[in-house]
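Take 4 as the starting number for the sequence shown in the numbering used here and just add one per residue.
Each residue gets a CB set at the ideal place from its N, CA and C atoms; glycine is no exception.
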Amino acid sequence: MTRDDEEISTKAIELTRDLCRRMAIECQARGISLEDVAVASLYAAHDIAQNFRGDPFAAIEWMRTGLDLMERQLFANDGACST
């Protein structure tokens with residue numbers, strides 16, 4: 004989180020998600036499949052997480068924790084994932 008401020012962190016996450024979605028649309032417009040965009044996004048997320056956590060394995064564990072949180076949100080919100 005951004006300086007332990009949930010409101011600022013949520014806004015930052017939504018801004019970043021929006022940028023990533025726009026980039027995915029741009030990639031699709033250039034003929035890249037959604038599957039390839041999704042796989043590339045996973046690798047990019049790992050690159051970013053590794054910079055944050057400092058270790059590739061710690062990055063994977065951190066990403067798993069994030070995916071667990073997303074899954075809990077999906078179950079709680081009838082399939083709608085939010086931050």
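Whole-angstrom Cβ separation of Leu37 and Gln31, contact assumed at under 8 Å? Indexing the sequence shown from 1 puts residue 37 at position 34. Indexing the sequence shown from 1 puts residue 31 at position 28. Right, the Cβ-Cβ distance comes to about 7 Å (below 8 Å), so this counts as a contact.
Does DSSP classify Gly57 as helix, strand or coil? Taking the first residue of the sequence shown as 1, we reach residue 57 at position 54. Coil, per DSSP.
Alpha carbon to alpha carbon, what distance is there between Met73 and Ala83? To locate residue 83, count along the sequence shown from 1; it is residue 80. To locate residue 73, count along the sequence shown from 1; it is residue 70. Near 9 Å, if we compare the C-alpha coordinates of Met73 and Ala83.
Would you tell me roughly how many angstroms separate the C-alpha atoms of Gln76 and Met66, rounded to the nearest one? By one-based count along the sequence shown, residue 76 stands at place 73. By one-based count along the sequence shown, residue 66 stands at place 63. C-alpha separation (whole angstroms): 15 Å.
Rounded to the nearest angstrom, what separates Thr68 and Ile28 at their Cα positions? Sequence index remark: in the sequence shown, residue 68 carries index 65 (1-based). Sequence index remark: in the sequence shown, residue 28 carries index 25 (1-based). The straight-line gap from Cα to Cα measures roughly 27 Å.
Nearest-angstrom Cα distance between Ile11 and Ile35? Here residue 11 refers to the residue found at position 8 of the sequence shown. Here residue 35 refers to the residue found at position 32 of the sequence shown. Going by the C-alpha atoms only, they are around 33 Å apart.
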